[in-house]
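Numbering (the working numbering), first residue to last: 3 to 368.
The beta carbon of each residue, even a glycine, is placed where N, CA and C say it ideally should be.
From a predicted model like this one, the values you see are computed outputs, not experimental measurements.
Structure, as structure tokens:
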Ligand SMILES: *Cc1c(COP(=O)(O)O)cnc(C)c1O
């Protein structure tokens, strides 16, 4: 439908993509330029990542979350967090094994599990449970059979943020049922109103049961660079590392050096970005609420999760918006069945274009 609208010459407003529209901050680019010229960086990097990068990660965890990790054994550099999320099931899931996966959710979780030969038990994220997984609703035999659990806060696609007490309940659950927790924190630094989301590793005992995946992609507008990391339980880190030594050969060192510059900058490079997203969020959320749509203003991440009006499905409302108003959104059921009845919009577009999208929606009605 999008291709057809483009072919008709429609001026498309794309609120479907989860990719920052702003450039990587210049100090990071300058560091890459300098590091790329150094011949020491032209050979194969170490599999685990440069110790200097992993140390920068550990220092950042200490400053940002008050969590102490050993850079030598509890941190691994990834070729983007998607790479690690997709590969971790190969280390721990055998044919027929079970993994717990949030739904709606990032498609890489169930796909990674199925590539490893495992199957998935969906944990529905629904409004009645504040869009958090309901641990009590997981049947006991399923919990006992499960080897892995994926979690994601701040969440894509709902933007919901889990609190530390939820993470603590997850730690207890995972300890009781011997489950490895893989928490995806790709959006931890995209937050609003000064309220910083917690790390899973802040919960007591978290390092005994799991790891946290992180990315420079969303935080520093570096989606094209491919650099992320995993932090936490050393056996889980080592298992993923062992898979990776057989598949890839690490991240270009010049990119890791630029990554150090990014992590050491703390909030200097990111405060401005958060401010821009927050202004956009306010324009979009204010406009959509005035149109009578059902949604919560996101506290973090750059997604708005919107209930479709009566008489529509995820698909038919998505179609209505693109055909009548040239607005591209993502149907919620594309993230899993419990996403039916929702669409997802992103704030990775200028506030002028977001205001224009709201104006167009007001005109077409439903
Ligand atoms: C964007 C995204 C990622 C991964 O990004 P990378 O660029 O691979 O680091 C991971 N999880 C979620 C939920 C995302 O939306």
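Heavy atom of ligand 1 less than 6 Å from the Cβ of residue 221, yes or no?
The residue you call residue 221 lines up with position 219 of the chain shown. Not under cutoff, so the answer is no.
Can you grab the Cα-Cα spacing for the pair residue 175 / residue 102, in whole Å?
Against the chain shown, residue 175 aligns to sequence position 173. Against the chain shown, residue 102 aligns to sequence position 100. Going from the Cα of residue 175 to the Cα of residue 102 covers about 12 Å.
Could you pull the DSSP bridge partners for residue 80 from this structure?
As a working mapping, residue 80 is identified with position 78 in the chain shown. 230.
Could you pull the DSSP bridge partners for residue 306 from this structure?
Start at 1 with the first residue of the chain shown, and residue 306 comes out as number 304. DSSP output for residue 306 lists 347 as bridge partner(s).
Residue 149, DSSP secondary structure in three states:
Here residue 149 refers to the residue found at position 147 of the chain shown. Looking at residue 149 - three-state DSSP - the assignment turns out to be strand.
Tell me, which residues are paired with residue 186 by DSSP?
For the purposes of this step, residue 186 is identified with residue 184 of the chain shown, where counting begins at 1. Residue pairing by DSSP puts residue 186 in a beta bridge opposite 154, 215.
Cut-off 6 Å between Cβ atoms - residues of its own chain near residue 193, not counting five sequence neighbours on either side:
Within the chain shown, numbered from 1, the residue matching residue 193 stands at position 191. Closer than 6 Å at the Cβ level, and outside the excluded window around residue 193, lie 199, 302.
Between which two residues does the alpha helix (DSSP H) containing residue 290 stretch?
Counting from one through the chain shown, the residue named residue 290 turns up at place 288. Its alpha helix (DSSP H) spans residues 273 to 292.
Counting C-beta neighbours from all protein chains within 10 Å, is the total for residue 158 16 or more, i.e. buried, or is it exposed?
Translated into positions along the chain shown, residue 158 becomes position 156. So residue 158 ends up on the buried side.
Taking Cβ to Cβ, would you say residue 106 is nearer than 7 Å to residue 340?
For the purposes of this step, residue 106 is taken as the residue at position 104 of the chain shown. For the purposes of this step, residue 340 is taken as the residue at position 338 of the chain shown. Yes, the pair counts as a contact, with Cβ atoms nearer than the cut-off.
What would DSSP say about residue 165, mapped onto helix, strand or coil?
Here residue 165 corresponds to residue number 163 of the chain shown, with the count starting at 1. Residue 165: coil per DSSP, three-state reduction.
Could you tell me the distance, in whole angstroms, from the CA atom of residue 41 to the CA atom of residue 254?
Mapped onto the chain shown, residue 41 falls at position 39. Mapped onto the chain shown, residue 254 falls at position 252. Rounded to whole angstroms, residue 41 to residue 254 spans 12 Å at the Cα level.
Closer than 6 Å: is that where the CB of residue 246 sits relative to any heavy atom of ligand 1?
Here residue 246 corresponds to residue number 244 of the chain shown, with the count starting at 1. Incorrect: residue 246 has no Cβ contact closer than 6 Å to ligand 1.
So, is residue 3 buried or exposed, given that buried needs 16 or more other C-beta atoms within 10 angstroms?
Residue numbering aside, residue 3 sits at position 1 when the chain shown is read from its first letter. Exposed.
With a threshold of 16 other CB atoms inside 10 Å of the CB of residue 136, please say whether the residue is buried or exposed.
One-based indexing of the chain shown puts residue 136 at position 134. By the neighbour-count rule (16 or more Cβ atoms within 10 Å), residue 136 is not buried but exposed.
Residue 9 to residue 328 span [Cα, whole Å]:
Position 7 of the chain shown, counted from the first residue, corresponds to residue 9. Position 326 of the chain shown, counted from the first residue, corresponds to residue 328. Spanning the two alpha carbons is a distance of roughly 12 Å.
Of the choices 212, 81, 270, 43, whose alpha-carbon is the least far from that of residue 235?
The sequence position of residue 235 within the chain shown is 233, counting from 1. Residue 212 is the option with its Cα nearest to residue 235.
From residue 295 to residue 139, what does the alpha carbon distance come to, in whole angstroms?
As a position in the chain shown, residue 295 is number 293, starting the count at 1. As a position in the chain shown, residue 139 is number 137, starting the count at 1. When rounded, the distance between both Cα atoms is 29 Å.
Starting from the C-beta of residue 91, find all residues in its chain whose C-beta is less than 8 Å away, skip the five residues before and the five after it, and write them out in chain order.
Position 89 of the chain shown, counted from the first residue, corresponds to residue 91. 101, 114, 115, 117, 118, 120, 150.
If you follow the alpha helix (DSSP H) that residue 381 is in, where does it begin and where does it stop?
Residue 381 is absent from the model: the chain starts at 3 and stops at 368.
Segments assigned beta strand (DSSP E), at least 3 residues, entirely inside the region 13 to 92:
77 to 80
By Cβ distance below 6 Å, which residues in the same chain neighbour residue 215 in space, the five residues on each side in sequence not counted?
Here residue 215 corresponds to residue number 213 of the chain shown, with the count starting at 1. Contacts found: 83, 86, 87, 186, 232.
Would you check whether ligand 1 has a heavy atom nearer than 6 Å to the C-beta of residue 210?
Position 208 of the chain shown holds residue 210. Not so, every heavy atom of ligand 1 lies at least 6 Å from the Cβ.
To which residues of the same chain is residue 208 closer than 6 Å at the C-beta, ignoring the five residues directly before and after it?
Counted from its first residue, the chain shown places residue 208 at position 206. In its chain, beyond the 5 residues on either side, 173, 202 have a beta carbon closer than 6 Å to the beta carbon of residue 208.
Contact the region 248 to 262 vs the region 44 to 59: 3+ CB pairs below 8 Å:
yes
For the beta strand (DSSP E) that residue 360 lies in, which residues bound it at each end?
On the chain shown, position 358 is the one that residue 360 refers to. Unbroken run through residue 360 is the alpha helix (DSSP H), 353 to 366; no beta strand (DSSP E).
Within the present structure, is the beta-carbon of residue 279 separated from the nearest heavy atom of ligand 1 by less than 6 Å?
The sequence position of residue 279 within the chain shown is 277, counting from 1. No, ligand 1 has no heavy atom inside 6 Å of this Cβ.
Measure the beta-carbon distance from residue 79 to residue 226 and round it to whole angstroms, keeping in mind my assumption that it falls under 8 Å.
Residue numbering aside, residue 79 sits at position 77 when the chain shown is read from its first letter. Residue numbering aside, residue 226 sits at position 224 when the chain shown is read from its first letter. Rounded, the Cβ-Cβ distance is 17 Å, inconsistent with contact.
The region 263 to 279 in contact with the region 58 to 74 per 3-pair CB rule at 8 Å:
yes
Determine, using beta-carbon pairs with one atom in the region 316 to 336 and one in the region 215 to 224, whether at least three such pairs fall under 8 Å.
no
7 Å Cβ cutoff met for residue 286 and residue 356
Stepping through the chain shown from its first residue, residue 286 is reached at position 284. Stepping through the chain shown from its first residue, residue 356 is reached at position 354. Taking 7 Å as the Cβ cut-off, residue 286 and residue 356 qualify as a contacting pair.
Between the CA atoms of residue 178 and residue 51 - distance to the nearest angstrom:
Walking along the chain shown from the start, residue 51 turns up at place 49. Walking along the chain shown from the start, residue 178 turns up at place 176. Roughly 33 Å between the two C-alpha positions.
Just tell me which of 306, 336, 304, 305 has its CA closest to the CA of residue 318.
Taking the first residue of the chain shown as 1, we reach residue 318 at position 316. Comparing Cα-Cα distances from residue 318 to each of 306, 336, 304, 305, the minimum goes to 336.
Got a sec: does ligand 1 put a non-hydrogen atom nearer than 6 Å to the Cβ of residue 83?
By one-based count along the chain shown, residue 83 stands at place 81. Yes, since a heavy atom of ligand 1 falls inside the 6 Å radius drawn around the Cβ of residue 83.
Look at the alpha carbon of residue 282 and the alpha carbon of residue 163, and state the distance between them as a whole number of angstroms.
On the chain shown, position 280 is the one that residue 282 refers to. On the chain shown, position 161 is the one that residue 163 refers to. Cα to Cα, the separation comes out at about 19 Å.
Alpha helix (DSSP H) containing residue 318: first to last residue?
Residue 318 sits at position 316 when you count from the first residue of the chain shown. Per DSSP, residue 318 belongs to the alpha helix (DSSP H) from 316 to 327.
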